[in-house]
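Chains as they are written, first to last, in numbering that gives the first Met the number 0: chain A, 0 to 558; chain B, 0 to 140.
Where is the CB? At the ideal position from N, CA and C, for every residue including glycine.
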Amino acid sequence: MNKPMTQIPLPGFDEAERLWKEQYAAQIGTEREIRNRSGIPVQPLYTPRDWNGAGYPGALGFPGQLPATRGIYPTMHRGRAWTQRQLIGLGTPEDYNRRLREILDAGATAISLIPCNSVYRGYDVDQVDPLILGTCGTTVNTAQDMATCLEAVDLGRISVGLNDPLPFTLLAFLLTVAKRRGTPWEKITGTSNQSDYLSHFVANHMFFRIALAGSRRVLTDHIEYMNRYVPGWNPVSVVGQHMQQAGATPAQAMGFTLCTAIQYAEDCIARGMAPDAFLPRFSFFFDISISFFEEIAKFRAGRRLWAKIARERLGAKNARSWRFKFHAQTSGVDLTRQQPLNNIARVAVQAMAGIFGGLQSLHTDGHDEVFSTPTAEAARIAVNTQNILREEAGLTDVIDPLGGSYYLETLTDRMHEEIEKVIATVDAAGGMYAAVEKGLVQQMIGESALAFQRKVESGEQKVVGVNCYRVENEPPVKALERPAREAMLSQVARLKRYKAERPQQAVNDALARLAAAAHDPKDNVFGRVVEAAGAGATHGEICRTLRAEMGFGQPLVMV
Amino acid sequence: MTVNEFARPPRVLITKIGLDGHDRGSRVVAAHLRDAGMEVIYTPPWQEISAVVKLAMEEDVDVIGVSSLATDHLLVPKLVQALRDAGLGDMPVIVGGIVPPDDEQALLAAGVARVFHPGSALEEISTLIRNVTSERRAKAA
């Protein structure tokens with residue numbers, strides 16, 4: 000057995016290093032400094048001078064053990080490859096159910112539901128201009144709509160990712176459907192994506208929001224309720240993706256995300272919940288840019304930091320609480336409208352970075368997302384990109400296969416330090432909630448976004464087809480799939496019928512109890528949302544009620 | 000109107016109408032225009048068309064820039080019409096973001112001055128704004 004650690008001086012090392020330095024300097028001439036997106040300088044070569052494995056047990060260890068750098072499970076992708084979780088959502092509940100059954104027939108075990116932007120903004124179909132209805136996701140306004148979406152889907156077997164910002168009406172509809180079908184809530188698994196309201200205030204203003212304080216209350220109620228009644232559900236997905244897509248550097252995005260998770264955990268602890276009761280159900284969602292090594296290092300460093308934070312700062316004793324489970328999505332911002340098929344290559348590289356980073360679940364973007372929601376063909380290529388990486392390329396054969404690289408280990412340590420600096424900045428501002436309230440996070444992200452754009456324009460950051468390797472006269476893009484106007488108008492008619500046929504008094508009573516709960520700290524707002532959904536209330540009515548009681552979440556925007 | 004009036008920097012309204020709130024593009028463009036010496040009025044997303052018209056009038060802007068990353072650009076022809084109805088038919092409206100080619104043709108036909116796509120240079124945007132501003136002021140003068 001070879002000695003696992005390399006010690007310097009090695010015989011001949013210093014001499015060889017000196018010679019290389021001379022040759023390199025002579026041949027390279029003057030060189031501009033290279034820094035990655037997080038601002039970390041990148042050397043031309045890494046050697047045991049930079050990282051020599053001496054700290055292996057403390058810095059890396061083994062998969063499934065602390066410090067968790069190499070993965071959260073002993074078997075990682077060799078035991079079970081990542082989950083392919085493609086986002087789907089288009090048109091009516093019937094359209095959605097049709098697409099869903101195709102995916103399930105193809106072997107998917109996990110599904111997602113992306114609602115229409117009108118749903119994100121807290122509206123029913125009859126409250127928005129029909130021109131833009133259903134063009135970005137499915138229109139789901141009632142428990143009845145959800146039943147249609149999930150027809151022939153066994154909720155006790157299929158994991159569901161709902162893009163469902165607070166007050167989590169889609170989940171309330173899903174729980175209603177399960178109850179009516181006799182599926183025990185204990186058997187339901189899935190995730191409340193878009194539950195991270197802080198990320199909506201700082202980076203992605205597409206979601207319904209009530210004022211900050213109310214949002215904080217509703218999320219904590221939601222975690223407490225799901226913990227008690229649907230223990231297999233992940234009530235929180237802490238989102239770094241929005242922030243990085245909005246312009247945060249990879250280190251900033253990871254730092255802010257960990258700070259957000261700390262904030263939510265501390266809010267639960269303040270509520271009297273034990274860390275080990277809720278932390279095993281925390282999950283994360285990140286962006287994967289094309290900055291390949293930086294992204295891998297970001298995930299490895301983040302995983303190590305979270306294990307430490309969960310254990311030391313939050314006081315979790317259960318190893319499941321330390322696990323940094325994350326879903327990742329390839330970066331849409333890195334994709335280009337110019338020569339769009341090039342995006343297939345970009346997505347493959349981004350996906351590889353996420354896989355090497357040890358993700359649990361992956362969404363690969365369609366190459367045509369720069370034009371619209373992906374076409375069926377682009378979605379198939381995106382899924383097959385994952386299939387090729389998993390089945391053909393051998394990426395799942397070895398756990399953390401880049402671990403031990405002089406470069407990657409050095410970079411992981413440097414990213415770790417950068418992320419810690421971000422956490423220290425947020426801590427100094429009083430934590431993530433306070434930092435968002437003050438606009439600090441928004442300002443940092445805005446500055447990074449502008450700085451990156453300037454690099455693209457100066458040509459320092461190359462983008463193929465945009466600032467280099469351009470072609471004239473690009474071929475026209477194929478026509479889009481858009482839901483039929485009549486189908487959307489029929490949705491409006493259906494909602495009207497639904498409202499006419501439901502027991503109105505029960506709906507009124509449930510909405511009144513929801514309104515009262517907003518002012519009663521002993522009540523659980525999410526529990527009242529579930530009750531209202533079951534009584535027949537619509538998404539728009541539930542959102543309107545809470546917004547009236549808790550205030551509108553004004554964007555905290557600055558330029 | 001004096002010669003000085005032409006030297007006055009363009010006043011630009013940067014906004015988002017409809018439902019979507021992805022605002023990286025609108026913020027970056029707004030910050031660039033500000034740094035380029037223009038006066039920028041920036042709104043949060045989700046503006047009503049009537050609110051945009053009112054703001055454009057009250058703030059006496061030269062150009063309206065609408066950012067659209069989902070499908071809210073489909074509403075822009077309604078904005079153009081509302082501007083006409085309000086007597087601001089000469090106000091150039093530019094659109095930036097993810098706009099499919101067929102939709103772009105429809106927007107241009109509806110009177111939109113220009114559609115900028117991802118990958119457009121910030122300089123290109125500020126140059127266009129200066130040009131349409133001078134043209135409009137020259138006509139008004």
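So which residues on chain A does residue i lean against when the C-beta distance must stay under 9 Å?
i	result
B/I93	Residues of chain A passing the Cβ test: none, with the nearest at roughly 17 Å.
B/L73	D128, L130, I131 and T134
Residue i CB to nearest chain E CB: under 7 Å?
i	result
B/D84	Reference to chain E is not applicable here, since the protein chains of this structure are A and B.
Between the options, which lies nearest to residue i when the distance is taken from Cα to Cα?
i	options	result
A/Q452	A/M414, A/I71, A/V152 and A/A245	A/A245
A/V237	A/P66, A/A375 and A/R280	A/R280
A/V397	A/V41, A/M75 and A/I33	A/M75
B/A50	B/V111, B/A69, B/L82 and B/D34	B/L82
A/W81	A/Y497, A/A350 and A/C467	A/A350
A/A352	A/L112, A/P400, A/Q503 and A/L494	A/P400
A/E446	B/A6, B/V11, B/P9 and B/D34	B/D34
A/E16	A/Y45, A/R36, A/L439 and A/L394	A/Y45
B/A69	A/A67, A/R98, A/Y119 and A/A105	A/Y119
A/E93	A/G57, A/T138, A/L313 and A/R77	A/T138
B/E22	B/L32, B/R10 and B/Y41	One detail in the question is off: residue 22 of chain B reads as Asp in this sequence, not Glu. Nearest option by C-alpha distance: B/Y41.
A/G466	A/D49, A/T259, A/T335 and A/T147	Looking at the sequence itself, residue 466 of chain A is Asn, so the reference to Gly does not match. Ranking A/D49, A/T259, A/T335 and A/T147 by Cα distance to A/N466 puts A/T335 first.
B/P9	B/G110, B/M90, B/P44 and B/A108	B/M90
A/I295	A/T411, A/P474, A/L132 and A/K420	A/T411
A/T259	A/F292, A/T384, A/H199 and A/D286	A/H199
A/L444	A/L154, A/Q42, A/C135 and A/G239	Sequence inspection shows Ile at residue 444 of chain A; the Leu mentioned does not correspond to that position. It is A/G239 whose Cα lies nearest to the Cα of A/I444.
Which term fits residue i, buried or exposed, when burial requires 16 or more other beta carbons within 10 angstroms of its beta carbon?
i	result
A/Q490	buried
A/K297	buried
B/P99	buried
A/F255	buried
A/H221	buried
A/V558	In this prediction, A/V558 has a pLDDT of 49, which is less than 50 and means its spatial position is unreliable; nothing more can be read from the coordinates.
B/D59	exposed
A/S320	buried
A/W559	Since the first and last residues shown for chain A are 0 and 558, residue 559 of chain A lies out of range.
A/V470	exposed
A/R36	buried
A/H415	buried
A/L388	buried
A/R97	exposed
A/K324	buried
B/I124	buried
A/Y468	exposed
A/N383	exposed
B/G88	exposed
What does residue i touch in chain A if you count any residue whose Cβ is under 7 Å from its own?
i	result
B/T14	Those within 7 Å of B/T14 in chain A number zero; the least Cβ separation is about 12 Å.
B/A105	None at all; the shortest Cβ gap to chain A is about 11 Å.
B/A81	Simply none; closest approach about 13 Å.
Is any non-hydrogen atom of the ligand SAH found closer than 6 Å to the C-beta of residue i, if you look at the structure I gave you?
i	result
A/T141	Ligands are entirely absent from the displayed structure, and the ligand SAH is therefore not among its contents.
Which residues in chain B sit within 8 Å of residue i, going by Cβ to Cβ distance?
i	result
A/Q337	G118
A/L388	In chain order: nothing, as chain B lies at least about 26 Å away.
A/A377	The contacting residues do not exist; A/A377 stays about 13 Å from chain B at best.
A/Q460	None at all; the shortest Cβ gap to chain B is about 12 Å.
A/L89	Within chain B, no residue comes near A/L89; the closest Cβ sits about 12 Å away, beyond 8 Å.
Name the chain A residues that come within less than 8 Å of residue i, Cβ to Cβ?
i	result
B/E122	E456
B/S126	Contrary to the premise, residue 126 of chain B reads as Thr rather than Ser in this sequence. Here the premise fails: no neighbours, minimum Cβ distance about 13 Å.
B/I63	The premise fails here: B/I63 is roughly 16 Å from chain A at the closest Cβ pair, so nothing lies under 8 Å.
Give the residues of chain B in contact with residue i, contact being defined as C-beta atoms less than 7 Å apart.
i	result
A/D125	None at all; the shortest Cβ gap to chain B is about 14 Å.
A/L174	In chain order: nothing, as chain B lies at least about 26 Å away.
Show which residues of chain B have a CB atom less than 9 Å away from the CB atom of residue i.
i	result
A/G246	R23, R26 and V27
A/R345	By Cβ distance, chain B contributes nothing, its closest Cβ being about 13 Å from A/R345, past 9 Å.
At a cut of 8 Å, does the segment 7-17 of chain B reach the segment 64-84 of chain B through at least three beta carbon pairs? yes
Check whether the segment 327-347 of chain A touches the segment 358-367 of chain A, taking contact to mean three or more Cβ pairs, one atom from each stretch, closer than 8 Å. yes
Can you check the segment 374-442 of chain A for any alpha helix (DSSP H) of at least 4 residues that lies completely inside it and give the ranges in chain order? 375-390, 405-427 and 431-436
Check whether the segment 436-444 of chain A and the segment 294-311 of chain A are in contact - that is, three or more C-beta pairs closer than 8 Å. no
In the segment 276-301 of chain A, which residue ranges form an unbroken beta strand (DSSP E) of at least 3 residues, counting only runs that do not cross its ends? 281-287
Is it true that the segment 205-221 of chain A meets the segment 534-547 of chain A, where meeting means three or more beta-carbon pairs spaced less than 8 Å apart? yes
Evaluate contact between the segment 102-120 of chain A and the segment 143-161 of chain A, counting only Cβ atoms and requiring at least three cross-stretch pairs below 8 Å. yes
Across the segment 374-382 of chain A and the segment 313-328 of chain A, are there enough close Cβ pairs to call them in contact, namely three or more that are closer than 8 Å? no
Which runs of the alpha helix (DSSP H), 4 residues or longer, sit entirely within the segment 177-263 of chain A? 196-201, 211-228 and 240-244
List in chain order: all unbroken alpha helix (DSSP H) runs of 4+ residues lying wholly within the segment 34-85 of chain A. 55-58 and 75-78
Specify whether the segment 530-541 of chain A and the segment 487-507 of chain A touch according to this definition: at least 3 beta carbon pairs, one from each stretch, less than 8 Å apart. yes
So, does the segment 89-97 of chain B touch the segment 108-121 of chain B, judging by three or more C-beta pairs under 8 Å? yes
Runs of 4 residues minimum, wholly inside the segment 140-169 of chain A: which ones carry the alpha helix (DSSP H) assignment? 142-148
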